[in-house]
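Visitor:
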Amino acid sequence: MNIKTPHRKITTNIPCEVTKQILSDLEQYESRSMQGQFPLVWDRAEGFYIYDAAGNKWIDFTSTIFVANVGHGNQRVIKAIQEVLEKPLLHTYAYVNKYRTEYLKNLISFTNGAFEKAFLLSAGTEATEAALKLMRMYGQKQGKKNLGIIAIEGNWHGRTMGAQMMSGNIAQKAWIGYQDPNIYHIPFPYPWHIKNQSGATFLYQSIKQLEARGINFKEDICGFMLETFQGWGAIFYPKDFVQTIKEFCVENHILLSFDEMQSGFARTGKRFGYEHYEVAPDLICCGKGMGGGLPLSGVLGSTEIMDLPEVGNMSSTHSANPLVCAAGIATLEEIQGKNLVNESARKGVLLHTRLNEIQEKYATWISFVLGQGLIAALLFQTPETGKPNTLLATKVAKQCMQKGLLVVHTGRESIKIGPPLIISDDALLEGVAVLEEAIIESIGEAA
Ligand SMILES: Cc1ncc(COP(=O)(O)O)c(C=O)c1O
96 MNIKTPHRKI TTNIPCEVTK QILSDLEQYE SRSMQGQFPL VWDRAEGFYI YDAAGNKWID
156 FTSTIFVANV GHGNQRVIKA IQEVLEKPLL HTYAYVNKYR TEYLKNLISF TNGAFEKAFL
216 LSAGTEATEA ALKLMRMYGQ KQGKKNLGII AIEGNWHGRT MGAQMMSGNI AQKAWIGYQD
276 PNIYHIPFPY PWHIKNQSGA TFLYQSIKQL EARGINFKED ICGFMLETFQ GWGAIFYPKD
336 FVQTIKEFCV ENHILLSFDE MQSGFARTGK RFGYEHYEVA PDLICCGKGM GGGLPLSGVL
396 GSTEIMDLPE VGNMSSTHSA NPLVCAAGIA TLEEIQGKNL VNESARKGVL LHTRLNEIQE
456 KYATWISFVL GQGLIAALLF QTPETGKPNT LLATKVAKQC MQKGLLVVHT GRESIKIGPP
516 LIISDDALLE GVAVLEEAII ESIGEAA
């Protein structure tokens, strides 16, 4: 390939020669679980561009994995971290640092009064675990007989034990050796399942089934955990499905939590993805885009819920580390200063309009284009059978990489698109054109 455009440059084979040793060493020294990623060694990432050591340049439609919302190597984030590094002040756990206070104050203010307090962590899975704990502590305080949680089939909340218990992937949690008898999974309202039914009707079927199993919601259930959209396919719920869940939660004194890992911090054209459903959650779990590239996660809620654990009973060594808090402050400033919520919504319309045109052209191969704002998924199928086509999705993702565009390879029948929210319109449209070329070529090979 020899590609040179204002936004892309591919002049060597990929992976380029000088990175091959890095890749083979990795295979030798890193556990197998991290393998399976495409063989591209990032040397530099700036704005919405990725570079390798040979100077090849890609348009990034991944934001790593929906992390670099404010752009790779964001200068405000870098400056904020440098200030803390130069003090120096790398860690303060048992004592307070001013960045922690400032960040929490700004974070709560960013939620426009929806939440009163937050607890900071490092990984997303810790945040969903913390929400699980808070929902159950709330149930105990309410005097519930059982501490049941309702989660959704196919949703995903992380890799630690509680997060896996709430996740819907049965094979992934087989290692635990048992199922938590108080975590119930109800079906996800996939557009291909729900068809003409309302979201509320679909939900009531699940509620009736749980009742038939003898569950009394007031006494046995303390929390409802929703991934804001189902990750692999950027699949949002029908609005009335979520609104009915909220009514049901209020009626039965159940807390409603959203896992906003992928959907938070302007990704979907709102500050947080739950706003699309026009409901008020009791808790949200955040991470990824929160820290502008640094490991920052957290749970947000009301004072009543967030203060349930005793002093010292919800903490973490790296919680509220000054470096990540400084990065968090800069990230919020970037989102607000660059109007990224509106920008994500505006560019989302550009993106989805073009993707829908592509879907219409190749409708026998692409069953759905889903998502909102700057998150999108294309779902591939086999024309003769209508069955999910994972091979084609992988082929398209690989072909994009060879052509100077990075998309998220999900390992399923979908590819996902989530560029940094600061991407230019021009690069966004060039990227979609590259994607269409890759689809045409991959379909040609698959046909
Ligand atoms: C919806 C969702 N929840 C939780 C997690 C877990 O986050 P982390 O990998 O930071 O632990 C992820 C990560 O991909 C996610 O997408």
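Mapping of the sequence shown onto the working numbering: residues 96 to 542, in sequence order. By construction, the Cβ of each residue, glycine as well, lies at the ideal position given by its N, Cα and C atoms.
1. Go ahead and label residue 118 buried or exposed: buried means 16 or more other beta carbons lie within 10 angstroms of its beta carbon, across all protein chains shown.
2. Please classify residue 626: does DSSP put it in a helix, a strand, or coil?
3. When DSSP labels each residue in this structure, what does residue 152 get in the three-state scheme?
4. With contact counted as at least three CB pairs below 8 Å, one residue from each stretch, are the stretch 511 to 525 and the stretch 160 to 167 in contact?
5. Going by other Cβ atoms of all chains shown within 10 Å of its Cβ, with 16 needed for buried, is residue 124 buried or exposed?
6. Take the Cβ of residue 261 as the centre, count every other Cβ of all protein chains shown within 10 Å, and call the residue buried at 16 or more, exposed below.
7. Closest to residue 528 by CA distance: which of 501, 338 and 420 is it?
8. Is the Cβ-Cβ distance between residue 526 and residue 156 less than 7 Å?
9. Report yes or no: do the stretch 322 to 333 and the stretch 360 to 373 share at least 3 C-beta pairs separated by less than 8 Å?
10. When we look at the beta-carbon of residue 341 and count the other beta-carbons within 10 Å, is it buried (16 or more) or exposed?
11. By DSSP, does residue 274 sit in helix, in strand, or in coil?
12. Does residue 183 come out as helix, strand or coil in the three-state DSSP assignment?
13. Can you say whether residue 383 is buried or exposed, counting buried as having 16 or more other CB atoms within 10 angstroms of its CB?
14. Just to confirm, are residue 246 and residue 224 a CB contact at a threshold of 7 Å?
15. Would you say the beta carbon of residue 256 comes nearer than 6 Å to a heavy atom of ligand 1?
16. Is the CB-CB distance between residue 188 and residue 412 below 7 Å?
17. Which partner residues does residue 476 have in the DSSP bridge list?
18. If I follow the unbroken beta strand (DSSP E) through residue 140, where does it start and stop?
19. Let me know if residue 196 comes out buried or exposed under the rule of 16 or more other beta-carbons within 10 Å of its beta-carbon.
20. Tell me whether residue 356 is buried or exposed, calling it buried when 16 or more other Cβ atoms sit within 10 Å of its Cβ.
21. State the Cα-Cα distance for the pair residue 251 and residue 381, rounded to the nearest angstrom.
22. Within the same chain, show all residues whose beta-carbon is closer than 8 Å to that of residue 436, passing over the 5 residues directly before and after it, in chain order.
23. Ordered along the chain, which non-local residues of its own chain (more than five positions away) have a Cβ less than 8 Å from that of residue 314?
24. Taking 7 Å as the threshold (C-beta atoms), are residue 99 and residue 151 in contact?
25. Under DSSP, the beta strand (DSSP E) around residue 322 begins and ends at which residues?
26. Would the C-beta of residue 129 count as close to ligand 2, meaning under 6 Å from any of its heavy atoms?
27. Does the contact criterion of 3 or more C-beta pairs under 8 Å hold for the stretch 206 to 219 versus the stretch 386 to 394?
28. Okay, do the stretch 476 to 484 and the stretch 342 to 350 touch, 3+ Cβ pairs below 8 Å being the bar?
29. Relative to ligand 1, is the shortest distance from any of its heavy atoms to the C-beta of residue 371 smaller than 6 Å?
30. Taking the Cβ atom as the reference point for each residue, do residue 322 and residue 354 lie within a distance shorter than 7 Å?
31. Helix or strand or just coil, what does DSSP make of residue 104?
32. Check residue 204 in the structure and name its three-state DSSP category.
33. Return the residue from the list 339, 506, 318 and 472 that minimises the CA-CA distance to residue 447.
34. Are there any heavy atoms of ligand 1 lying less than 6 Å away from the beta-carbon of residue 218, as far as the coordinates show?
35. Using CA coordinates, which residue listed in 532, 338, 249 and 282 is at the minimum distance from residue 450?
Guide: This is what the structure holds:
1. Taking a 10 Å sphere around the C-beta of residue 118, we find fewer than 16 other C-beta atoms and assign the residue as exposed.
2. It is not possible to answer for residue 626, since the shown part of the chain is limited to 96 through 542.
3. The answer is strand: DSSP assigns residue 152 an E or B state.
4. These segments touch.
5. Exposed: under 16 other Cβ atoms inside 10 Å.
6. So residue 261 ends up on the buried side.
7. Considering only alpha carbons, the answer is 501.
8. A contact, by the Cβ cut-off of 7 Å.
9. As far as the Cβ criterion goes, the stretch 322 to 333 touches the stretch 360 to 373, which means the pair count is three or higher.
10. Sixteen is the threshold: when 16 or more other Cβ atoms of the shown chains lie within 10 Å of the Cβ of residue 341, as they do, the residue is buried.
11. DSSP places residue 274 in coil when its eight states are reduced to three.
12. Under the three-state reduction of DSSP output, residue 183 falls in the coil class, being neither helix nor strand.
13. Buried.
14. Note that the C-beta distance between residue 246 and residue 224 is not below 7 Å.
15. Set against 6 Å, the gap from the CB of residue 256 to the closest heavy atom of ligand 1 is not smaller.
16. Cβ atoms of residue 188 and residue 412: closer than 7 Å.
17. In the DSSP assignment, residue 476 forms a beta bridge with 483.
18. Looking at the DSSP string, the run of the beta strand (DSSP E) that includes residue 140 is 139 to 141.
19. In this structure residue 196 is exposed. Its beta-carbon is surrounded by fewer than 16 other beta-carbon atoms within 10 angstroms.
20. It counts as buried.
21. Cα to Cα, residue 251 sits roughly 14 Å from residue 381.
22. Apart from the 5 residues on each side of it in sequence, residue 436 sits with its Cβ closer than 8 Å to the Cβ of 361, 364, 365, 366 and 430 in its chain, given in chain order.
23. Hits under 8 Å: 239, 240 and 241.
24. No, the pair does not count as a contact, with Cβ atoms beyond the cut-off.
25. It spans 316 to 322 - the beta strand (DSSP E) in which residue 322 sits, taken as one unbroken run.
26. Within the structure as shown, ligand 2 is missing, the only ligands being ligand 1.
27. Contact between the stretch 206 to 219 and the stretch 386 to 394 is present: three or more C-beta pairs spanning the two stretches fall below 8 Å.
28. When C-beta atoms of the stretch 476 to 484 are compared with those of the stretch 342 to 350, fewer than three pairs fall below 8 Å, so the two segments do not count as touching.
29. It does not: the Cβ of residue 371 is nowhere closer than 6 Å to a heavy atom of ligand 1.
30. Yes, the Cβ-Cβ distance between residue 322 and residue 354 is below 7 Å.
31. The answer is strand: DSSP assigns residue 104 an E or B state.
32. DSSP places residue 204 in helix when its eight states are reduced to three.
33. Proximity to residue 447 across 339, 506, 318 and 472 peaks at 472, based on C-alpha coordinates.
34. At least one heavy atom of ligand 1 is nearer than 6 Å to the Cβ of residue 218, so yes.
35. Comparing Cα positions, the closest option is 532.
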